[in-house]
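Undergrad:
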Amino acid sequence: MTTTRPWSDTKPWSEVFGASDRLDVSPALAGLRKRPLCRIRLPYGEPAWLATRYEDVKVVLGDPRFSRAAATGRDEPRSRLHIGSPGSLLRQDPPEHSRLRRLVAKAFTARRVELLRPRTQRIAGDLAARMRAQGPPADLVEDFALPLPITVICELLGVPVEDRTDFRLWSDAFLSTTRFTRDEVTAYVGRMRDYMAGLVAEHRESPRDDLIGALIEARDRDDRLSEEELLAMAEGILVAGHETTASQIPNFVYVLLTHPEQLAALRADPDLIPRAVEELMRYVPLGGGAGSARYALEDVELGGVTVRAGEPVVVALQSANRDESVYSDPDAFDPRRGEASHVGFGHGPHHCLGAQLARMELQVALRTLLDGFPGLRLAGRADGIVWKVGSATRAPERMPVTWDGPGTPGRASA
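For reference, each letter of the sequence shown is one residue, going 4 to 417 in our numbering.
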């Protein structure tokens, strides 16, 4: 049921989330956490409630009274142009969501991911060796952060890594807020769908032992998913399987390079890296806006506000991760922090499927960079970094770095 509210006091998203060309969390969110839910209008879709507190965010993401599937047929509030395929895992509720997720979840368990660690270390080592051979400066994004997760997910999924230039363009369109026009987004997403359909056809012709092969078997032999669901699953894994890590590697390095004491602590004790990755997931606001909308299936009391049946709620993960009622000194980066778990990978049924893979890749990336590049630092001023614009994710698009080594002027590490 759709209800009506006087949305005259709705806040525009830009007042809440601030600029996306940096890793600052908007101070407006701290003020919003002191009150119940607020109303917000995102760049696209109908107005919504915004949850900013840690506990409220977890309820919206984990309580079955809030539905993703109910967004179908609605002009759902969102930060990006593309809504996604109806067959997408991200647009389903249990039990349909559970059925689809089970088909691929075993490939992303902690045990399976650990089996991928040696191969990931070799890929990272090869990229680092190439950077050293070419000499400084290097673009951390193009030379390391992007090819590492793309190579891993392509090998896991069964996609030719040499097509990565296309993947990047399609992913940018998939996540576009204003970077592309609506027609361009439609065209690029359509090309990705055609590409995936062709790849599935090739796999059917010549079966392979990879994730696409497993999905085809589930479709053709066991009839456990539709063709639309198969294509949407493959697309989603390809985009999500590299985008988060490719964005967070330069984000994490930027934070470390601008926090020299914490960087020195990690260099002195590399065993801190896994904990530091968790803290960086909490600290870094990857999303430039709000998460996917959930629709209330019944009246729900949340944060002192009654969300009526049929009303959408969006969440601010970056705000929940800075909630002062949960974290001491939440705006400080502390790699030894041991407080409540973050919601950087989401929460509830839609908790990031590839969280364990991303964690492992980020650990490997940081260890490789800290071990292999003494004195790693920005090549020039911080304002020389080129940040993504018009995207649902925050990250550098180009990040020149340098380091100490043969032919490089010595300097204390930053």
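Ideal placement from N, C-alpha and C gives every residue a C-beta, glycine not left out.
Between the C-alpha atoms of residue 1 and residue 115, what's the straight-line distance to the nearest angstrom?
TA: Since the first and last residues shown for the chain are 4 and 417, residue 1 lies out of range.
Undergrad: Where does the unbroken alpha helix (DSSP H) through residue 419 begin, and where does it stop?
TA: Past the boundaries of the shown model lies residue 419; the chain is included only from 4 to 417, so the question cannot be answered.
Undergrad: For residue 231, collect the residues of the same chain with a Cβ closer than 8 Å to its Cβ; drop the 5 residues on either side in sequence, then sort them by chain order.
TA: The residue you call residue 231 lines up with position 228 of the sequence shown. Result list for residue 231: 88, 89, 90, in chain order.
Undergrad: Residue 152 by DSSP, collapsed to three states: which one?
TA: As a working mapping, residue 152 is identified with position 149 in the sequence shown. Helix, per DSSP.
Undergrad: Does DSSP put residue 316 in a helix, in a strand, or in coil?
TA: Here residue 316 refers to the residue found at position 313 of the sequence shown. In this structure, residue 316 counts as strand in the three-state DSSP scheme.
Undergrad: When the Cα atoms are used, what is the spatial distance from residue 179 to residue 306?
TA: As a position in the sequence shown, residue 179 is number 176, starting the count at 1. As a position in the sequence shown, residue 306 is number 303, starting the count at 1. Roughly 31 Å separates the two Cα atoms.
Undergrad: In chain order, what residues of the same chain lie with their CB nearer than 8 Å to the CB of residue 254, ignoring the 5 residues before and after it?
TA: Residue numbering aside, residue 254 sits at position 251 when the sequence shown is read from its first letter. Contacts found: 26, 283, 287, 289, 397, 398, 399.
Undergrad: Given this structure, state the Cα-to-Cα distance separating residue 208 from residue 160, to the nearest angstrom.
TA: What you label residue 208 is simply residue 205 of the sequence shown in a count that begins at 1. What you label residue 160 is simply residue 157 of the sequence shown in a count that begins at 1. So the two alpha carbons sit approximately 17 Å from each other.
Undergrad: Determine the direct distance from the alpha carbon of residue 367 to that of residue 22, and round the result to whole angstroms.
TA: Locating residue 22 in the sequence shown gives position 19, where the first residue counts as 1. Locating residue 367 in the sequence shown gives position 364, where the first residue counts as 1. Taking the straight line joining both Cα atoms gives about 30 Å.
Undergrad: Just mark residue 412 as buried or exposed, buried being the case when its beta carbon has 16 or more other beta carbons within 10 Å.
TA: Residue numbering aside, residue 412 sits at position 409 when the sequence shown is read from its first letter. Note that residue 412 scores 43 on pLDDT, short of 50, meaning its location in the model is unreliable and no value can be drawn from it.
Undergrad: Looking at C-alpha atoms only, which residue of 157, 194, 229, 185 is the closest neighbour of residue 83?
TA: In the sequence shown, the residue the question calls residue 83 occupies position 80. When only C-alpha atoms are compared, the closest one is 185.
Undergrad: Going by the C-beta, is residue 388 closer than 7 Å to any heavy atom of the ligand ATP?
TA: Questions concerning the ligand ATP fall outside what the structure shown contains, since it holds no ligand whatsoever.
Undergrad: Leaving out five residues on either side along the sequence, give the residues of the same chain with a beta carbon under 7 Å from the beta carbon of residue 357.
TA: The residue given as residue 357 occupies position 354 in the sequence shown. These residues qualify, in order along the chain: 111, 243, 244.
Undergrad: Whole angstroms is fine: what's the gap from residue 124's alpha carbon to residue 212's?
TA: One-based indexing of the sequence shown puts residue 124 at position 121. One-based indexing of the sequence shown puts residue 212 at position 209. Taking the straight line joining both Cα atoms gives about 22 Å.
Undergrad: Going by DSSP in three states, residue 157 sits in which element: helix, strand or coil?
TA: For the purposes of this step, residue 157 is identified with residue 154 of the sequence shown, where counting begins at 1. Looking at residue 157 - three-state DSSP - the assignment turns out to be helix.
Undergrad: Alpha carbon to alpha carbon, how far is residue 273 from residue 345?
TA: Taking the first residue of the sequence shown as 1, we reach residue 273 at position 270. Taking the first residue of the sequence shown as 1, we reach residue 345 at position 342. In a straight line, the C-alpha of residue 273 is about 21 Å away from that of residue 345.
Undergrad: Can you tell me where the alpha helix (DSSP H) holding residue 144 begins and where it ends?
TA: The residue given as residue 144 occupies position 141 in the sequence shown. Segment: none, residue 144 is in no alpha helix (DSSP H) and carries neither H nor E.
Undergrad: Note down, in chain order, each residue of its chain lying with its Cβ closer than 8 Å to the Cβ of residue 336, except the 5 sequence neighbours on either side.
TA: Numbered from its first residue, the sequence shown carries residue 336 at position 333. Excluding sequence neighbours, residue 336 sits near 258, 262, 265, 282, 283, 286.
Undergrad: What is the C-beta distance between residue 279 and residue 338, in whole angstroms, given that I count them as a contact (C-beta under 8 Å)?
TA: The sequence position of residue 279 within the sequence shown is 276, counting from 1. The sequence position of residue 338 within the sequence shown is 335, counting from 1. Right, the Cβ-Cβ distance comes to about 4 Å (below 8 Å), so this counts as a contact.
Undergrad: Between the C-alpha atoms of residue 109 and residue 355, what's the straight-line distance to the nearest angstrom?
TA: Within the sequence shown, numbered from 1, the residue matching residue 109 stands at position 106. Within the sequence shown, numbered from 1, the residue matching residue 355 stands at position 352. For residue 109 and residue 355, the distance between alpha carbons rounds to 14 Å.
Undergrad: If you follow the beta strand (DSSP E) that residue 43 is in, where does it begin and where does it stop?
TA: Here residue 43 refers to the residue found at position 40 when the sequence shown is read from its first residue. First-last of the beta strand (DSSP E) with residue 43: 41-44.
Undergrad: Once DSSP output is grouped into helix, strand and coil, what is the label at residue 163?
TA: Counted from its first residue, the sequence shown places residue 163 at position 160. Residue state, collapsed to three classes: coil.
Undergrad: I need the DSSP call for residue 116, collapsed to helix, strand or coil.
TA: For this step, residue 116 is matched to residue 113 along the sequence shown. It is helical.
Undergrad: Under three-state DSSP, which class holds residue 383?
TA: The sequence position of residue 383 within the sequence shown is 380, counting from 1. Three-state result, residue 383: coil.
Undergrad: Take residue 189 and list the residues in its own chain whose beta-carbon comes closer than 6 Å to its own, dropping the five residues that flank it on each side.
TA: For the purposes of this step, residue 189 is identified with residue 186 of the sequence shown, where counting begins at 1. Correct list: empty, nothing qualifies.
Undergrad: Anyone know if the C-beta pair for residue 144 and residue 153 falls short of 8 Å?
TA: Taking the first residue of the sequence shown as 1, we reach residue 144 at position 141. Taking the first residue of the sequence shown as 1, we reach residue 153 at position 150. Contact flag unset, no.
Undergrad: With a cut-off of 8 Å on the beta carbons, I'd call residue 51 and residue 45 a contact; round off their distance for me.
TA: Here residue 51 refers to the residue found at position 48 of the sequence shown. Here residue 45 refers to the residue found at position 42 of the sequence shown. Contact holds; Cβ gap of about 7 Å.
Undergrad: Excluding five sequence neighbours on each side, which residues of the same chain lie with their C-beta closer than 8 Å to the C-beta of residue 107?
TA: Within the sequence shown, the letter at position 104 stands for residue 107. The residues are 214, 217, 218, 236, 240, 356.
Undergrad: Spell out the partners DSSP gives residue 3 in its beta bridges.
TA: One cannot answer for residue 3 here, as it falls past the ends of the chain, which runs 4 to 417.
Undergrad: Looking at the structure shown, is residue 104 part of a helix, part of a strand, or coil, going by DSSP?
TA: The residue labelled residue 104 in the question sits at position 101 within the sequence shown. Residue 104: helix per DSSP, three-state reduction.
Undergrad: Can you say whether residue 328 is buried or exposed, counting buried as having 16 or more other CB atoms within 10 angstroms of its CB?
TA: For the purposes of this step, residue 328 is taken as the residue at position 325 of the sequence shown. The residue in question, residue 328, is exposed, as its Cβ has fewer than 16 Cβ neighbours within 10 Å.
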